[in-house]
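FYI, in the numbering used here the residues of the sequence shown are 23 to 134.
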Amino acid sequence: SAGDLADQQGVARIVNDWPVLLVRQGEAVHALINRCTHAASALDGGRVRRGTIICPLHGARFQIATGKCLGGQNYKDLTVFSVRETADGWVEVAVPDEKPGPEHLPVRSSPA
Numbered sequence: 023s024a025g026d027l028a029d030q031q032g033v034a035r036i037v038n039d040w041p042v043l044l045v046r047q048g049e050a051v052h053a054l055i056n057r058c059t060h061a062a063s064a065l066d067g068g069r070v071r072r073g074t075i076i077c078p079l080h081g082a083r084f085q086i087a088t089g090k091c092l093g094g095q096n097y098k099d100l101t102v103f104s105v106r107e108t109a110d111g112w113v114e115v116a117v118p119d120e121k122p123g124p125e126h127l128p129v130r131s132s133p134a
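This is the structure we're talking about:
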């Protein structure tokens with residue numbers, strides 16, 4: 023549920039086979055693909071700071087609200103998914119109907 027999301031922390035979930043990273047920023051909940059566009063590393067475990075998530079593997083920064091890459095050579099923007107919070111407090115994430123391909127799946131877990 024949305025109430026279980028701590029402010030400024032990322033939580034990894036799988037939604038219809040898609041790797042999703044949920045991040046709460048104040049009252050807003052955002053959903054991004056849980057895969058860095060550089061080395062295909064999972065982003066959960068990355069530091070959330072000043073509206074960005076920092077990849078725990080190479081330090082690339084991505085804007086949470088838009089997925090825009092703010093640093094890192096040859097990195098692309100992250101896919102952002104639409105989110106809504108239901109009246110009873112659950113978070114619904116709109117992922118594509120098709121199954122994710124290898125280019126959408128992380129090949130490395132976040133460093134411990």
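Glycine included, every Cβ here is placed at the ideal spot set by N, Cα and C. Remember, predicted model here, so these are calculated numbers, not experimental data.
Can the beta-carbon of residue i be found closer than 8 Å to that of residue j?
{"i": "residue 63", "j": "residue 124", "result": "no"}
{"i": "residue 55", "j": "residue 101", "result": "yes"}
{"i": "residue 108", "j": "residue 92", "result": "no"}
{"i": "residue 39", "j": "residue 122", "result": "yes"}
Following the continuous beta strand (DSSP E) through residue i, name the residue where it begins and the one where it ends.
{"i": "residue 52", "result": "50-55"}
{"i": "residue 91", "result": "91-93"}
{"i": "residue 128", "result": "No beta strand (DSSP E) contains residue 128, which DSSP labels as neither H nor E."}
{"i": "residue 112", "result": "Element bounds for residue 112: n/a, residue is neither H nor E."}
{"i": "residue 43", "result": "40-47"}
{"i": "residue 34", "result": "32-37"}
{"i": "residue 75", "result": "74-76"}
Quick check: the Cα distance between residue i and residue j, rounded to an integer number of angstroms?
{"i": "residue 106", "j": "residue 116", "result": "9 Å"}
{"i": "residue 85", "j": "residue 69", "result": "12 Å"}
{"i": "residue 126", "j": "residue 42", "result": "10 Å"}
{"i": "residue 31", "j": "residue 95", "result": "25 Å"}
{"i": "residue 48", "j": "residue 90", "result": "20 Å"}
Below 6 Å CB to CB, which residues in the same chain sit around residue i once its five sequence neighbours on both sides are set aside?
{"i": "residue 98", "result": "59"}
{"i": "residue 76", "result": "68, 69, 83"}
Taking the alpha carbon of residue i as the reference point, which residue from the options has its own alpha carbon closest?
{"i": "residue 143", "options": "31, 42, 38, 50", "result": "No information on residue 143 is available, as it lies outside the stretch 23 to 134 that the chain covers here."}
{"i": "residue 113", "options": "121, 67, 104", "result": "104"}
{"i": "residue 29", "options": "40, 44, 38", "result": "44"}
{"i": "residue 118", "options": "48, 31, 53", "result": "53"}
{"i": "residue 80", "options": "72, 71, 61, 48", "result": "61"}
Only counting the same chain, and skipping five residues up and downstream in sequence, which positions put a Cβ closer than 7 Å to that of residue i?
{"i": "residue 27", "result": "33, 44, 46, 51"}
{"i": "residue 88", "result": "102"}
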